[in-house]
Structure formats: C-alpha cells, structure tokens
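Enquirer:
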Amino acid sequence: MRISSIIIAIIVCAGIAGFIFRNDFNAYLNTQDVIIEETNEISSELKEKKINKQKAVSVLVQKSNEQEVTNGILLRGQTEAFKSVQVKAETSGSVISQPIRKGTFVKNGELLCELEVGTKSDVLSEAKVALALSLDELDASIHQYELRVQAAERQKSLLKRGVGTEAAVEAAELSASSAETQSLSKRQAVANVEARINRATTELNNTKIIAPFDGLLESDTAEYGDFMQTGAPCGTLLALNPIKLIGYATETQVSKIEVNTTAGARLISGDTVSGTVSFISRSADPTTRTFLVETTVPNENYEIREGSTADIYISLSGAKGHLLPQSSLTLNSSGVLGVRIALNDKAKFIPINIIRDAEEGVWVTGLPDTVDVIIVGQEYVTDNSNIKVSYKVSQ
Numbered sequence: 002m003r004i005s006s007i008i009i010a011i012i013v014c015a016g017i018a019g020f021i022f023r024n025d026f027n028a029y030l031n032t033q034d035v036i037i038e039e040t041n042e043i044s045s046e047l048k049e050k051k052i053n054k055q056k057a058v059s060v061l062v063q064k065s066n067e068q069e070v071t072n073g074i075l076l077r078g079q080t081e082a083f084k085s086v087q088v089k090a091e092t093s094g095s096v097i098s099q100p101i102r103k104g105t106f107v108k109n110g111e112l113l114c115e116l117e118v119g120t121k122s123d124v125l126s127e128a129k130v131a132l133a134l135s136l137d138e139l140d141a142s143i144h145q146y147e148l149r150v151q152a153a154e155r156q157k158s159l160l161k162r163g164v165g166t167e168a169a170v171e172a173a174e175l176s177a178s179s180a181e182t183q184s185l186s187k188r189q190a191v192a193n194v195e196a197r198i199n200r201a202t203t204e205l206n207n208t209k210i211i212a213p214f215d216g217l218l219e220s221d222t223a224e225y226g227d228f229m230q231t232g233a234p235c236g237t238l239l240a241l242n243p244i245k246l247i248g249y250a251t252e253t254q255v256s257k258i259e260v261n262t263t264a265g266a267r268l269i270s271g272d273t274v275s276g277t278v279s280f281i282s283r284s285a286d287p288t289t290r291t292f293l294v295e296t297t298v299p300n301e302n303y304e305i306r307e308g309s310t311a312d313i314y315i316s317l318s319g320a321k322g323h324l325l326p327q328s329s330l331t332l333n334s335s336g337v338l339g340v341r342i343a344l345n346d347k348a349k350f351i352p353i354n355i356i357r358d359a360e361e362g363v364w365v366t367g368l369p370d371t372v373d374v375i376i377v378g379q380e381y382v383t384d385n386s387n388i389k390v391s392y393k394v395s396q
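Residue numbers for the sequence shown follow this note's numbering, beginning at 2 and rising by one.
(1) Starting from residue 116, follow the alpha helix (DSSP H) in both directions and report where the run begins and ends.
(2) Do the CB positions of residue 221 and residue 96 come within less than 8 Å of each other?
(3) Can you check whether the CB of residue 122 is closer than 8 Å to the CB of residue 205?
(4) In the DSSP assignment, what are the bridge partners of residue 281?
(5) Across which residues does DSSP place residue 236 in a beta bridge pair?
(6) Considering only DSSP beta bridges, list what residue 134 is partnered with.
(7) How long is the line joining the alpha carbons of residue 329 and residue 379, rounded to whole angstroms?
(8) Can you confirm whether the segment 262-270 touches the segment 309-322 when touching is taken to mean that 3 or more C-beta pairs between the two stretches lie within less than 8 Å?
(9) Quick one: what does DSSP say residue 242 is sitting in, helix, strand or coil?
(10) In this structure, what does DSSP give as the bridge partners for residue 321?
(11) Rounding to the nearest angstrom, what Cα-Cα distance links residue 251 and residue 88 in this structure?
(12) To the nearest angstrom, how far is the alpha carbon of residue 344 from that of residue 80?
(13) List the whole-angstrom C-beta distance separating residue 63 from residue 376, where the pair is believed to meet the contact cut-off of C-beta under 8 Å.
(14) Could you give the distance in angstroms between the alpha-carbon of residue 189 and the alpha-carbon of residue 164?
(15) Just confirm the distance between the C-beta atoms of residue 349 and residue 341, as a whole number of angstroms; I'd bet it's less than 8 Å.
(16) Which of the three DSSP states, helix, strand or coil, is assigned to residue 102?
(17) CA-CA distance, residue 150 and residue 133?
(18) Suppose the cutoff is 8 Å on Cβ atoms and the five residues either side in sequence are ignored; what does the same chain contact list for residue 139 look like?
(19) Cα-Cα, which of 367, 235, 331 and 208 is closest to residue 102?
(20) Taking all protein chains shown into account, decide if residue 321 is buried (16 or more other Cβ within 10 angstroms of its Cβ) or exposed.
(21) Check whether the segment 272-284 and the segment 244-258 are in contact - that is, three or more C-beta pairs closer than 8 Å.
(22) What's the call for residue 240, buried or exposed, on a 16-neighbour Cβ count within 10 Å?
(23) Counting C-beta neighbours from all protein chains within 10 Å, is the total for residue 336 16 or more, i.e. buried, or is it exposed?
(24) Per DSSP, what kind of secondary structure is residue 227 in: helix, strand or coil?
(25) Under 8 Å, do residue 353 and residue 339 count as touching if we go by C-beta distance?
(26) Less than 6 Å between C-beta atoms, sequence neighbours within five positions excluded: which residues of the same chain meet that for residue 402?
(27) List in chain order: all unbroken beta strand (DSSP E) runs of 3+ residues lying wholly within the segment 179-213.
(28) Pick out whichever of 76, 59, 58 and 72 has its Cα sitting closest to the Cα of residue 292.
(29) By a C-beta neighbour count over all protein chains shown, 10 Å radius and 16 as the cutoff for buried, is residue 156 buried or exposed?
(30) DSSP three-state call for residue 126: helix, strand or coil?
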C-alpha cells in the first residue's frame with residue numbers, strides 16, 4: 002500500500018513537471034519567432050536604406066517621337082539611255098553631206114546624212130508619166146464599157162418589141178462584159194503605176210536620213226563620199242532625256258514594287274536623282290532569277306551619262322517607328338535586343354524590332370509614341386537602376 006502511494010506521487014510530479022516544461026518551451030519558440038521576424042524587418046530596412054543610398058548613374062537621354070518611316074528596297078544598277086538607235090540607210094547611194102560630229106545635239110527631223118539622188122528622180126518621173134497614160138486608158142475603157150452596156154439595153158428593148166433577136170442580145174451582153182473586164186484591167190494597171198510612184202517617192206525621200214527623235218550623237222555620221230548600201234549605219238543617236246535607271250530585284254523584292262512608285266538613286270558621282278518606276282519585268286532572268294526594274298528620271302541638262310553605276314532606292318508603303326543611334330541598342334540578360342529608357346529616374350529595358358538601317362541611325366518599332374531613350378550609359382544600368390538624366394541637345 003505504501004509502495005503504490007509512492008508510485009502515484011511520482012507520476013503526479015512527472016506530469017506537473019512536463020506541463021511546466023511544455024509551456025516554457027512554447028514560450029521559448031514564440032520568443033525565437035519574434036526575434037527572427039524582428040531581425041528580418043531590420044535586415045529589410047537596412048537593405049532598403051542601402052539601395053536608397055545607392056549613387057544614381059549619369060546617363061544621356063534622347064527624347065524620341067514616333068514618326069513615319071520611309072521604307073524601301075535598294076537595288077544595284079546603272080543608267081541607260083531611254084532610246085538608243087543606230088540610224089541606218091534605207092536606200093543606197095553616195096553621201097553628199099558633211100559629217101556631224103559625235104556629241105552634237107540634234108532635233109527630231111534634222112538631216113543626218115544625205116545621199117545622191119542618181120536615177121531615182123528619173124524613175125519617179127517615168128512613173129508619173131505612166132500614171133497619166135494609165136488614167137487615160139482607164140477613162141477610155143470605162144467609156145467603152147458604158148457604151149456597150151447601153152447597146153445591150155437597146156437590144157433587150159428591141160427583143161421586147163419583137164423586132165430583135167436573142168442572139169443579138171447575147172452578143173451585146175458579151176461585148177459589155179468584155180468591156181468591163183478591160184476596165185478592171187486598166188484599174189489594176191493604174192494601181193500598179195501608183196505603187197511604182199509611191200516606191201519611187203520613198204526611194205527619193207530615203208536619200209535624206211533624218212533624226213527620228215531629239216538626242217545626242219554617240220558617233221560621227223557617215224563621211225562625205227562614202228557609198229552606203231541599204232542598212233548601212235549613218236550614225237548612233239541616244240535619247241537621254243528622260244534617262245532610265247535599270248536594276249534587278251529578287252523574287253521576294255519584286256512582289257513589293259509597283260509601277261509609278263517613287264524612286265531615287267545615288268550615282269557614282271555622288272549626285273542624287275529621283276523619278277518613278279516605269280517598268281517591272283514579268284519574266285525572270287533564267288540565270289540569276291531576278292527581275293528587271295526600270296525607273297524613268299528627268300535629265301533635262303543631259304548631265305547624267307549612260308552606263309553610270311547607280312544605287313537605286315525604291316520607296317515602299319511607310320510604317321511608324323523611331324530613328325535612334327545604332328549605339329543605343331543593347332541586349333538584356335536573356336540576349337533580347339532592345340533599348341533602355343528613362344522612366345521616373347529609373348532605367349527600364351524595352352525590346353525592339355529593327356525596320357531598316359539609315360545614314361542617321363536605325364529605324365525601330367516596339368516603343369511608345371514618345372519615349373526617353375538612354376543613348377549613353379545604358380550598358381552600366383539594369384532595370385530599376387537609379388539614374389541621373391541629362392538630355393541630348395537637338396541640333
């Protein structure tokens with residue numbers, strides 16, 4: 002009995018001790034949580050104070066406004082005469098005119114070479130005499146035809162009155178038909194003589210070789226005394242106003258080009274010219290798989306020479322974008338191309354897309370309509386970095 006009382010007393014004491022220990026342990030844990038939380042709050046406050054005390058990075062900013070981008074296609078090409086003609090003789094004969102030297106400007110219809118007439122005028126005169134005779138014979142045949150038709154009508158009238166015969170009527174009609182045939186033959190003779198006159202007139206006119214259009218002589222005309230056969234060249238004439246710019250577009254480029262589109266070019270001399278697209282080939286070059294594109298450009302002073310190298314720029318439909326210095330472009334930590342902008346004295350990265358390069362920089366899209374772009378110092382800041390902004394002075 003005494004032993005059991007002792008055991009019960011021990012158990013009661015152990016329970017009381019455990020209860021006290023558990024309360025103390027929970028209190029300890031709660032105290033540690035409070036300490037950790039206070040420590041974290043203190044650490045955050047210190048970190049924030051450290052960030053706030055971070056020195057702002059000085060950057061140069063360019064204020065950029067979105068504007069219309071003149072987009073286009075660049076073709077390598079050259080100038081070409083609008084027309085280049087080798088003026089040739091259309092008859093034969095000796096040259097009786099003095100030569101005109103190359104480089105001379107000639108007007109449409111101006112005499113380039115004159116050939117001796119020879120017997121050509123005699124041929125024309127003979128043809129005119131033959132025409133007069135043929136016309137007289139035609140008039141006589143027509144008169145005979147009319148008389149024989151009248152005779153046939155009289156025989157028909159006599160037959161109706163019973164004093165004529167059918168044989169007489171047939172004979173009269175046959176005679177009229179023969180006269181008609183003779184008349185038609187004389188008409189054909191007149192037409193043949195008229196054709197002779199036209200040929201003789203053309204031959205005579207062809208002794209004067211004239212300029213078919215305004216242009217510059219690229220070669221001397223034929224020398225005095227030269228004998229020219231039909232088809233021999235009198236001289237080469239170039240039409241240089243307007244002048245053509247020719248280039249070749251790829252299969253992907255040609256689908257974007259339209260006739261009458263504005264185009265310009267920079268010549269090898271450094272001069273710039275402008276005009277419009279006048280022709281786009283529908284057939285590709287079998288070797289290069291490119292398409293001929295022609296641009297017509299005014300050349301009133303004849304300063305543009307044929308065969309000069311030209312960089313041809315053809316305008317396409319415009320787009321909206323920002324013109325920025327190429328040096329302002331940067332990459333973020335993920336390798337994405339973009340720019341850093343200034344926003345509330347903080348740096349911010351914005352991805353961009355390039356439209357095209359330009360002499361002044363690069364055209365890009367992806368930015369707000371108006372934006373402050375960091376153009377110097379963007380490599381030394383990251384997102385949310387404090388910055389000290391200075392604006393680029395417009396020139």
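Beta carbons: idealized from backbone N, C-alpha and C, even for Gly. Model, not experiment: these values are computed from the prediction.
Expert: Once the coordinates are examined:
(1) In the sequence shown, counting from the first residue as 1, residue 116 sits at position 115. No alpha helix (DSSP H) contains residue 116, which DSSP labels as neither H nor E.
(2) Translated into positions along the sequence shown, residue 221 becomes position 220. Translated into positions along the sequence shown, residue 96 becomes position 95. Going by C-beta atoms, residue 221 is not nearer than 8 Å to residue 96.
(3) Residue mapping note: residue 205 aligns to position 204 of the sequence shown, counting from 1. Residue mapping note: residue 122 aligns to position 121 of the sequence shown, counting from 1. Cβ distance < 8 Å, so residue 205 and residue 122 count as in contact.
(4) Counting from 1 along the sequence shown, the entry for residue 281 is found at position 280. Answer is 294.
(5) In the sequence shown, the residue the question calls residue 236 occupies position 235. DSSP output for residue 236 lists 88 as bridge partner(s).
(6) As a position in the sequence shown, residue 134 is number 133, starting the count at 1. Residue 134 is not bridged to any residue.
(7) For the purposes of this step, residue 329 is identified with residue 328 of the sequence shown, where counting begins at 1. For the purposes of this step, residue 379 is identified with residue 378 of the sequence shown, where counting begins at 1. About 7 Å.
(8) yes
(9) In the sequence shown, residue 242 corresponds to position 241, counting from 1. Here residue 242 sits in strand by DSSP.
(10) Residue mapping note: residue 321 aligns to position 320 of the sequence shown, counting from 1. BP columns for residue 321 point to 69.
(11) Locating residue 251 in the sequence shown gives position 250, where the first residue counts as 1. Locating residue 88 in the sequence shown gives position 87, where the first residue counts as 1. Rounded to whole angstroms, residue 251 to residue 88 spans 36 Å at the Cα level.
(12) For this step, residue 344 is matched to residue 343 along the sequence shown. For this step, residue 80 is matched to residue 79 along the sequence shown. Whole-angstrom Cα-Cα distance: 51 Å.
(13) Position 62 of the sequence shown holds residue 63. Position 375 of the sequence shown holds residue 376. Confirmed, Cβ separation roughly 5 Å.
(14) Position 188 of the sequence shown, counting from 1, holds the residue named residue 189. Position 163 of the sequence shown, counting from 1, holds the residue named residue 164. C-alpha separation (whole angstroms): 40 Å.
(15) Locating residue 349 in the sequence shown gives position 348, where the first residue counts as 1. Locating residue 341 in the sequence shown gives position 340, where the first residue counts as 1. Between residue 341 and residue 349 the Cβ distance is about 7 Å, and since that is below 8 Å, they are a contact.
(16) As a position in the sequence shown, residue 102 is number 101, starting the count at 1. Residue 102: coil per DSSP, three-state reduction.
(17) To locate residue 150, count along the sequence shown from 1; it is residue 149. To locate residue 133, count along the sequence shown from 1; it is residue 132. In a straight line, the C-alpha of residue 150 is about 26 Å away from that of residue 133.
(18) Within the sequence shown, numbered from 1, the residue matching residue 139 stands at position 138. The answer, listed in chain order, is 184, 187, 188, 190 and 191.
(19) Here residue 102 corresponds to residue number 101 of the sequence shown, with the count starting at 1. The candidate whose alpha carbon is nearest that of residue 102 is 235.
(20) The residue given as residue 321 occupies position 320 in the sequence shown. Residue 321 should be labelled exposed.
(21) yes
(22) As a first step, residue 240 is located in the sequence shown; it is residue number 239 there, counting from the start. Looking at its Cβ environment, which holds 16 or more other Cβ atoms inside 10 Å, residue 240 is buried.
(23) Locating residue 336 in the sequence shown gives position 335, where the first residue counts as 1. The residue is exposed, with fewer than 16 neighbouring Cβ atoms inside 10 Å.
(24) Translated into positions along the sequence shown, residue 227 becomes position 226. Residue 227 falls in the coil class under three-state DSSP.
(25) Position 352 of the sequence shown, counting from 1, holds the residue named residue 353. Position 338 of the sequence shown, counting from 1, holds the residue named residue 339. Against a cut-off of 8 Å, the Cβ pair of residue 339 and residue 353 comes out as a contact.
(26) Nothing can be reported for residue 402, as the shown portion of the chain is limited to 2 through 396.
(27) 209-211
(28) As a working mapping, residue 292 is identified with position 291 in the sequence shown. Minimum Cα distance to residue 292 is reached at 76.
(29) Numbered from 1 along the sequence shown, position 155 holds the residue referred to as residue 156. By the neighbour-count rule (16 or more Cβ atoms within 10 Å), residue 156 is buried.
(30) On the sequence shown, position 125 is the one that residue 126 refers to. In the structure shown, residue 126 sits in a helix (DSSP, three-state: H, G or I).
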